[in-house]
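Below is one structure, written out as structure tokens, with a few remarks after it.
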Amino acid sequence: MSSATAHETIDVAALRVGMFVQLDLGWLSHPFPLSSFRISSEDQIATIRALGLKRVRWSSEQSDSGKPAAAGAAAAPSAEAAPAESPEARARREHRERLRAERAALMQCERQFAEAARELKRAFDLVGAQPVEAGTHAAALAKGLADKMFSADELCIRLLSEAAGDKASTHGLNVALISMLMGRSFGLAEADMLDLGAGALMHDVGKLDLPDRVRHREDHFSAAEQRLYEEHVAFGLAQARKMKLTQGATLVVAQHHEHADGSGFPLKLSTDRMSPLARVVALVNRYDNLCNPHVIAHALTPHEALSMLFAQSKTKFDTAILGAFIKMMGVYPPGSAVQLTDDRYALVVSVNSSRPLKPRVLVHESGVPRDEALLLDLEHAEGLGIRRSLRPQQLPATTLAYLAPRPRVAYFFEPVRDGDKPA
């Protein structure tokens with residue numbers, strides 16, 4: 004697409020079904036799953052007009068139909084037919100198009116993550132002086148995320164190459180996103196999803212009242228430091244009440260460190276005394292802390308973290324929630340470095356949360372430039388699967404440089420694109 008086409012605008016009154024449009028609004032400021040999309044119904048046109056925009060950007064090349072009359076008549080056919088495209092040339096062109104679409108989708112997810120992280124940081128910044136405003140901000144962010152999740156039939160969980168945001172916001176957003184995707188898979192009602200989202204976003208709000216040195220639990224903590232660290236839950240409960248969070252969200256803040264076997268803190272609650280929403284957040288919080296510890300050298304790969312939760316912590320988490328988590332994330336969650344059954348190395352980059360056993364992977368192919376790397380959807384790669392998971396240090400040096408797994412793991416979600424759905 005030419006740069007001129009990319010910035011072509013049209014009056015919203017002239018919009019038609021089939022046009023490909025770009026909304027220049029923040030992701031949380033409109034109800035569509037993506038900010039750029041092809042209009043598929045009159046209802047979508049009515050929604051765009053209701054946003055208050057006078058003009059929107061659109062792409063004539065990416066539009067199916069509905070071009071305004073002012074666009075002029077179709078160009079006359081060329082007197083000389085274009086030469087037929089060879090199968091090899093067509094395959095190369097289609098591969099480049101897939102890569103462009105993949106990069107665009109990744110950039111879209113990273114922009115959306117960054118926007119959501121900024122909104123969460125704003126909520127944290129308001130806690131001290133304007134707690135009610137902070138609570139309203141967190142609830143609005145949870146509502147925006149829930150609306151996006153409910154707007155698509157199927158979602159992919161995608162690994163981000165960069166996570167824009169400070170550590171507290173990135174952690175809170177990671178926990179909220181995965182917890183809400185879990186809630187979606189359980190079929191939670193909207194009110195419960197909003198409680199789950201707001202509680203997960205603010206689950207660590209009590210850490211704002213701790214000294215920096217004890218905000219992240221370390222093995223070398225003295226008994227006094229451990230007690231002080233555990234106080235963040237009580238501080239968080241007090242803050243949640245000042246923020247006027249709902250009862251459901253407040254219980255998430257109060258119980259996110261409790262364990263199913265009663266070994267957690269601060270009240271040593273067992274499963275039957277925990278809020279169902281808190282059980283979800285307790286598990287997801289542990290997973291993200293294993294993948295993204297304060298000391299990066301202690302990080303586990305997503306596959307290792309999942310294996311540890313299953314093998315060593317089965318008694319600490321609700322078994323039904325743990326099973327659903329593994330089913331949703333896949334045995335090899337996004338961010339896992341793997342070896343395929345044909346011996347090639349790859350990085351898991353996304354998982355369809357409805358069909359997680361065959362993720363999409365970025366494959367290291369010698370002789371193929373990194374910016375043209377092969378992306379394989381294992382669901383459609385007959386006879387090919389994953390043999391084993393590897394730590395990044397186990398990869399050959401050239402593969403490690405090529406796949407470039409991130410030291411910290413961040414996730415977002417996106418609708419499953421039509422080309423990703425099985426026939």
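Every position in the sequence shown, counted from 1, becomes a number in our numbering once 3 is added.
Glycine is no exception: its CB is placed at the ideal position from the N, C-alpha and C atoms.
Query raised in the report: For Leu-184 versus Ser-356, is the C-beta distance shorter than 8 Å?
Result: yes
**Report entry** Own chain residues within Cβ distance below 7 Å of Ala-76, not counting five before or after
**Finding:** Caution is warranted here: a pLDDT of 39 is assigned to Ala-76, below 50, making its placement in the model unreliable, and no coordinate value can be reported.
Query raised in the report: Which runs of the beta strand (DSSP E) spanning at least 3 residues fall entirely within the region 154-220, listed in chain order?
Result: 158-162
Query raised in the report: Using the C-alpha atoms, what's the distance from Leu-54 back to Gln-229?
Result: 50 Å
Query raised in the report: In angstroms, rounded to a whole number, what distance separates the CA positions of Trp-61 and Ser-43?
Result: 14 Å
Requested in this report: For Ala-340, name the three-state secondary structure that DSSP assigns.
Outcome: strand
Requested in this report: Please classify Tyr-335: does DSSP put it in a helix, a strand, or coil?
Outcome: coil
Query raised in the report: Assuming Pro-418 and Ala-155 make a contact with CB atoms under 8 Å, what is their CB distance in whole Å?
Result: 4 Å
Query raised in the report: Can you tell which of Val-283, Arg-391 and Leu-350 has its C-alpha closest to the C-alpha of Ala-323?
Result: Val-283
Query raised in the report: With C-beta atoms as the reference, is Phe-40 less than 8 Å away from Val-15?
Result: No, Cβ-Cβ distance for Phe-40 and Val-15 is not below 8 Å.
Query raised in the report: Where does Gly-21 land, buried or exposed, given buried means 16+ other C-beta within 10 angstroms?
Result: Result: exposed.
Report task. Going by CA-CA distance only, name the one from Asp-207, Pro-34 and Arg-114 that's closest to Val-130. Result -> Asp-207
Query raised in the report: Are the region 267-282 and the region 393-408 touching by the rule of at least three beta carbon pairs closer than 8 Å?
Result: no
Report task. Select from Val-255, Ser-273 and Leu-360 the residue whose C-alpha is nearest the C-alpha of Ala-263. Result -> Ser-273
Requested in this report: Check Glu-417 in the structure and name its three-state DSSP category.
Outcome: strand
Report task. Note down, in chain order, each residue of its chain lying with its Cβ closer than 6 Å to the Cβ of Gly-186, except the 5 sequence neighbours on either side. Result -> Closer than 6 Å at Cβ, skipping near neighbours: Met-196 and Leu-199.
Report task. Mind checking who Asn-295 pairs with in its DSSP beta bridge? Result -> None, per the DSSP bridge assignment.
Query raised in the report: Cβ of Asn-288 within 8 Å of Cβ of His-306?
Result: no
Query - Asp-128 in three-state terms, based on DSSP - result: helix
Report task. Could you tell me which residues DSSP pairs with Gln-250 in its beta bridges? Result -> DSSP lists no partner for Gln-250.
Query - Cross-strand partners of Trp-61 (DSSP beta bridge) - result: Its beta-bridge partners are Val-24.
Query raised in the report: To the nearest angstrom, how far is it from the Cα of Ala-73 to the Cα of Lys-57?
Result: Residue placement at Ala-73 is poorly supported in this model, since its pLDDT is 45, which falls under 50; the coordinates still yield a value, given next. Approximately 18 Å between the Cα atoms of the pair.
Query raised in the report: Can you round the beta-carbon distance between Arg-390 and Leu-350 to whole angstroms, since I take them to be within the 8 Å contact cut?
Result: In fact, because the Cβ distance is near 14 Å, the residues do not count as touching under 8 Å.
Query raised in the report: For Asp-275, which of helix, strand or coil comes out of DSSP?
Result: Three-state DSSP puts Asp-275 in a helix.
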